[in-house]
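Student: Residue 131 is where the sequence shown starts when you use the numbering used here, and the numbers rise one by one after that.
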Amino acid sequence: MKTLNVNYLGTTRLWWLVLAIGILLVLGGFAYWFWPAAGYAVASQIFGWLLVLAGVVQLCVASGPNRASGWGWWLAGGVIDMFIGFMLVRSILLSEMVFPYFLAIIFIFWGIEAFVGAAAGRRAKYWWLGIVNGILLCLIGFFFLEAGYVSDMLMVSFLTSIAFIYWGFTVAIAAYDMKPVRK
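#1: State the DSSP-derived secondary structure class of Leu155, mapped to helix, strand or coil.
#2: Do three or more CB pairs link the stretch 253-260 to the stretch 278-298 at distances below 8 angstroms?
#3: Give the secondary structure of Ser199 by DSSP, where H, G and I count as helix, E and B as strand, and everything else as coil.
#4: Give the C-beta separation of Phe299 and Val156 to the nearest angstrom, bearing in mind that I take them to be a contact with Cβ-Cβ under 8 angstroms.
#5: For Ala244 versus Gly264, is the C-beta distance shorter than 8 angstroms?
#6: Assuming Gly194 and Leu180 form a contact by the criterion Cβ under 8 angstroms, report the distance between their Cβ atoms to the nearest whole angstrom.
#7: Cβ of Ala173 within 8 angstroms of Cβ of Tyr162?
#8: Indicate the three-state DSSP secondary structure (helix, strand or coil) for Val186 in the structure shown.
#9: Start and end of the alpha helix (DSSP H) containing Ala305?
#10: Compute the Euclidean distance between the alpha carbons of Phe237 and Val182, then round it to the nearest angstrom.
#11: Pick helix, strand or coil for Ala113, following the three-state DSSP scheme.
#12: So the candidates are Leu189, Ala248, Trp297; which of them puts its Cα closest to the Cα of Ile270?
#13: Just verifying my parser: in three-state terms, what is the DSSP assignment at Val311?
#14: Using alpha carbons as the reference points, say which of Val228, Val246, Gln188, Gly278 lies closest to Gln175.
#15: At the level of alpha carbons, what is the spacing between Met131 and Thr141?
#16: Measure the CB-CB distance between Trp314 and Leu267 and report whether it falls below 8 angstroms.
#17: Determine, using beta carbons only, whether Val219 and Val187 come nearer to each other than 8 angstroms.
#18: When you compare the CB positions of Pro230 and Gly278, do they come within less than 8 angstroms of one another, or not?
#19: Less than 8 angstroms between C-beta atoms, sequence neighbours within five positions excluded: which residues of the same chain meet that for Phe272?
Written out as structure tokens, the structure reads:
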């Protein structure tokens, strides 16, 4: 019996753009980890612009001529990322108040997306890693909700750096899965 290779994200020639976004997110997370004195407002602005950039890349992947399977998730993710990114960039005061909640929405959405991706690719060898990724992303999202509720800036700073490092690594790994295989 021939095994079915299900690639939830699909393949695209723009995989290197997704890899570049992942590397930028990891670098941004480490920068915030080592220089937290740069300020909460600066971090929300930087990550707001990174979300806008990530949203543009997702929209490009979803609308390309050889768009990936699961392009609807790419489209929805791109619109959500760009909306949240522009809201963070629009006003520093607004971004300081709602930064943890916006990040919570993003990470919970990505967690749900990871669960759906794992269910779609359950015939693959390591499909259960999508479930683990979904659980971790939802946990990060719920921690952001708690950090915003208690208004603990140190916890938000720590979670932000960890979350964007994790996000960058998962995006970079997904980029290699999106690379087209030459026949």
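C-beta: ideal position from N, C-alpha, C; glycine also. These numbers were taken from a predicted model, which means no experiment stands behind them.
Tutor: Well, looking at it:
#1: DSSP, reduced to helix, strand and coil, places Leu155 within a helical segment of the structure shown.
#2: Under the 8 angstroms Cβ criterion, the stretch 253-260 does not count as touching the stretch 278-298, having fewer than three qualifying pairs.
#3: Ser199: coil per DSSP, three-state reduction.
#4: Contact holds; Cβ gap of about 6 angstroms.
#5: Taking 8 angstroms as the Cβ cut-off, Ala244 and Gly264 qualify as a contacting pair.
#6: Not really, about 21 angstroms apart at Cβ, beyond 8 angstroms.
#7: Yes.
#8: Correct three-state label for Val186: helix.
#9: In the DSSP annotation of this structure, the continuous segment of the alpha helix (DSSP H) that includes Ala305 starts and ends at 283-308.
#10: So the two alpha carbons sit approximately 15 angstroms from each other.
#11: The structure shown does not extend to residue 113, since the chain is modelled only from 131 through 313, so no value can be given for it.
#12: The candidate whose alpha carbon is nearest that of Ile270 is Trp297.
#13: When secondary structure is reduced to three states using DSSP, Val311 falls in the coil class, being assigned neither helix nor strand.
#14: It is Val228 whose Cα lies nearest to the Cα of Gln175.
#15: Bear in mind that a pLDDT of 30 at Met131, under 50, signals an unreliable position, so the number given afterwards is only what the model happens to contain. The C-alpha of Met131 lies about 24 angstroms from the C-alpha of Thr141.
#16: Outside the displayed span of the chain (131 to 313) sits residue 314, for which this structure offers no information.
#17: Contact: no.
#18: Yes; because the gap between Cβ atoms is below 8 angstroms, this pair is in contact.
#19: Here the set comprises Ala234, Ile238.
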